[in-house]
Amino acid sequence: MKSHTEYLTFNLPARMAFENITPKIEAIVRASGVQEGLVLVNAMHITASVFINDDEPGLHGDYKKWLENLAPFDASPQRYAHNRTGEDNADAHMKRQIMGREVVVAITKGQLDVGPWEQIFYGEFDGRRDKRVLVKVIGE
Numbered sequence: 410m411k412s413h414t415e416y417l418t419f420n421l422p423a424r425m426a427f428e429n430i431t432p433k434i435e436a437i438v439r440a441s442g443v444q445e446g447l448v449l450v451n452a453m454h455i456t457a458s459v460f461i462n463d464d465e466p467g468l469h470g471d472y473k474k475w476l477e478n479l480a481p482f483d484a485s486p487q488r489y490a491h492n493r494t495g496e497d498n499a500d501a502h503m504k505r506q507i508m509g510r511e512v513v514v515a516i517t518k519g520q521l522d523v524g525p526w527e528q529i530f531y532g533e534f535d536g537r538r539d540k541r542v543l544v545k546v547i548g549e
């Protein structure tokens, strides 16, 4: 069995944003030489996410609105106990929990085996600093 590991670094300028990383993951899978296996893609920061969905701007806007309604940004320590530690990003931790930490995608014949509209996204909920994503490919 082969394994191949790479790290991607993101520094998105917005507090909350989504970036389609599918082409980057496809390139890493190709570079790995794995024809049949799995790729794990996970955010290595507790205020960022990796998820799969449609690459449609209206949906991304809906996600932002929905997440902000569920866990609104509020830097004050009155709303969130976490912010009493000197942080201001409790909402980002909650948004990450909802959107998830990672995805695992099958590799078939050297390509990502995804549905017709499925794309892999990096989700940022406390931007403006470097954050890493692990990409681990395993298989034959």
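Residues 410 to 549 in our numbering are what the sequence shown spells out, letter by letter.
Yeah, the Cβ is synthetic: ideal placement off N, Cα and C, and Gly gets one too.
Please read all numbers here as calculations on a predicted model, not as lab measurements.
I need the boundaries of the beta strand (DSSP E) containing residue i, first residue and last residue.
i                 : result
arginine 505      : Segment 499-508 is the alpha helix (DSSP H) holding arginine 505; no beta strand (DSSP E) there.
phenylalanine 427 : 426-429
isoleucine 455    : No beta strand (DSSP E) holds isoleucine 455; DSSP gives it neither H nor E.
tyrosine 531      : 528-533
arginine 538      : Run containing arginine 538: none; DSSP gives neither H nor E here.
Do you know how far the Cα of residue j is from the Cα of residue i?
i                 : j                 : result
tyrosine 416      : proline 481       : 30 Å
phenylalanine 530 : valine 542        : 11 Å
histidine 502     : isoleucine 455    : 6 Å
glycine 467       : lysine 474        : 11 Å
proline 432       : leucine 521       : 10 Å
serine 458        : methionine 410    : 28 Å
alanine 426       : phenylalanine 534 : 7 Å
glutamine 444     : lysine 518        : 5 Å
glutamine 506     : asparagine 462    : 16 Å
glycine 495       : aspartate 483     : 13 Å
tyrosine 472      : glutamate 465     : 11 Å
valine 523        : serine 441        : 18 Å
proline 525       : asparagine 498    : 35 Å
Residue i by DSSP, collapsed to three states: which one?
i              : result
asparagine 478 : helix
alanine 519    : Looking at the sequence shown, residue 519 is not alanine but glycine. Glycine 519: coil per DSSP, three-state reduction.
asparagine 420 : coil
valine 443     : coil
isoleucine 437 : helix
arginine 493   : helix
glycine 524    : coil
With C-beta atoms as the reference, is residue i less than 8 Å away from residue j?
i                 : j                 : result
phenylalanine 460 : valine 512        : yes
serine 485        : asparagine 492    : yes
histidine 413     : valine 514        : no
glycine 446       : glutamate 549     : yes
proline 422       : glycine 536       : yes
leucine 448       : isoleucine 516    : Residue identity check: residue 448 is valine in the sequence provided, not leucine. In contact: valine 448 and isoleucine 516 (Cβ atoms closer than 8 Å).
lysine 504        : phenylalanine 419 : no
arginine 510      : alanine 436       : no
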